[in-house]
């Protein structure tokens, strides 16, 4: 069990899934995907609507994870944006 999984029930980091970045456990949805929506004005309910496989608890845990790992998540989001624009 990784340290992430010990501290966050709904967050995991799995080699080979989203480059080992933090994801919602059991999915390929990265925490930075969820946070990106929130930072662009989406509510928790909007995120659940965008990702129907997620629960509100999982979205709130992404927010908690972000509060403690802001630099990591901001970097992952910036990398994804750069890859998208390339």
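Residue numbers (this note's numbering): 1005 to 1090.
Quick reminder that beta carbons are idealized off the backbone N, C-alpha and C, glycines included.
Nothing here was measured: the structure is a model prediction, and the numbers come from that model.
Evaluate residue i with the Cβ neighbour count: other Cβ atoms within 10 Å of its Cβ, from every protein chain shown; 16 or more gives buried, anything less gives exposed.
| i | result |
| --- | --- |
| residue 1061 | exposed |
| residue 1058 | buried |
| residue 1049 | exposed |
| residue 1038 | buried |
| residue 1026 | buried |
| residue 1021 | exposed |
Of the choices the options, whose alpha-carbon is the least far from that of residue i?
| i | options | result |
| --- | --- | --- |
| residue 1011 | 1087, 1090, 1070 | 1070 |
| residue 1056 | 1072, 1031, 1078, 1073 | 1031 |
Determine whether the beta carbon atoms of residue i and residue j lie at a separation below 8 Å.
| i | j | result |
| --- | --- | --- |
| residue 1014 | residue 1065 | yes |
| residue 1033 | residue 1067 | no |
| residue 1046 | residue 1029 | no |
Pick helix, strand or coil for residue i, following the three-state DSSP scheme.
| i | result |
| --- | --- |
| residue 1048 | helix |
| residue 1081 | helix |
| residue 1090 | coil |
| residue 1016 | strand |
| residue 1063 | helix |
| residue 1029 | coil |
So residue i and residue j are in contact, right, with Cβ under 8 Å, and what is the actual spacing, rounded?
| i | j | result |
| --- | --- | --- |
| residue 1040 | residue 1082 | Between residue 1082 and residue 1040 the Cβ distance is about 10 Å, and since that is not below 8 Å, they are no contact. |
| residue 1051 | residue 1035 | With a Cβ gap of about 11 Å, residue 1051 and residue 1035 do not count as contacting. |
Using a Cβ-Cβ distance under 8 Å, would residue i count as near chain C?
| i | result |
| --- | --- |
| residue 1050 | As a matter of chain content, chain C is missing from the structure shown, which is built from one protein chain. |
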